Amino acid sequence: MTLADIENNAPDRPTFFRATMVTLIVSGWLAAWTLPWEHLWKFKTCLFRKITGIPCPFCDMTHACVYFARGQFYRSVAANALGPLFMAASVAFLAYFALQIARKAPAFRLDDYLSAHAWIKYAALLALGLNWALQIAKHLRPF
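Following this line, the structure appears as structure tokens:
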């Protein structure tokens, strides 16, 4: 099942899906700003790291997103280099979905777009691989 399938099968198709995405993005930003993360971070929950002893590509992503939302950009990049990219993308998607709701635009077919622009998939995999290498290097020799 693709993102487009979910969007097209949702009630009132694109509008419901987009409204849900806007709600999730806004909720995530509000949580990053308001929750007492300093107390919640005491518990490490990465199952991959607990089993293998090495961090996964997404380890410390919550830290990075919270630091970014609170304006601590250096700490955000230091925690996980993909965090700032994720947060910037969330703002872009928020604007996109809000605009699409206002325009009552037809559904965007992500799978068609990615088929025509295959380089995006490879760039995303490369970024993920590089980030994982950085996470492992940071684990082996903390900066």
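In the working numbering, each number is its position in the sequence shown, counted from 1, plus 1.
Glycine included, every Cβ here is placed at the ideal spot set by N, Cα and C.
Here the structure is a predicted model, which is why all the values come from computation and not from measurement.
Query, Result
"What do you reckon, are the CB atoms on serine 91 and glycine 29 nearer than 9 angstroms?", "yes"
"Note down, one range per segment and in chain order, each alpha helix (DSSP H) of at least 4 residues found wholly within the region 111-140.", "111-117"
"Where does alanine 11 sit, in a helix, a strand or coil, going by DSSP?", "Residue placement at alanine 11 is poorly supported in this model, since its pLDDT is 49, which falls under 50; the coordinates still yield a value, given next. Here alanine 11 sits in coil by DSSP."
"Between the alpha carbons of histidine 140 and cysteine 66, how many angstroms are there, rounded?", "19 angstroms"
"Pull up the distance between the alpha-carbon of alanine 11 and that of alanine 138, whole angstroms please.", "Since pLDDT at alanine 11 reaches only 49, below the 50 mark, its modelled position is unreliable, and the value read off the structure follows with that caveat. Taking the straight line joining both Cα atoms gives about 42 angstroms."
"If we cut at 9 angstroms on Cβ distances, does alanine 70 have a partner in chain D?", "The displayed structure is made up of one protein chain only, and chain D is not part of it."
"Rounded to a whole number of angstroms, what is the C-alpha to C-alpha distance between leucine 126 and valine 78?", "19 angstroms"
"Kindly list the residues whose CB is nearer than 6 angstroms to the CB of glutamine 101, restricted to its own chain and excluding five residues on each side of it in sequence; keep chain order.", "Arg19"
"Among the residues of its own chain, which have a CB less than 6 angstroms from the CB of arginine 76, if the five just before and after it don't count?", "Tyr68"
"If you follow the alpha helix (DSSP H) that cysteine 66 is in, where does it begin and where does it stop?", "62-70"
"Can you tell me which of the three DSSP states valine 92 falls into?", "helix"
"Exposed or buried, what is leucine 111 when buried is set at 16 or more other beta-carbons lying within 10 Å of its beta-carbon?", "exposed"
"Considering only C-alpha positions, which residue in the set His118, Asn81, Met62 and Met88 is nearest to leucine 25?", "Met88"
"To the nearest angstrom, report how far apart asparagine 81 and alanine 119 are at their CA atoms.", "26 angstroms"
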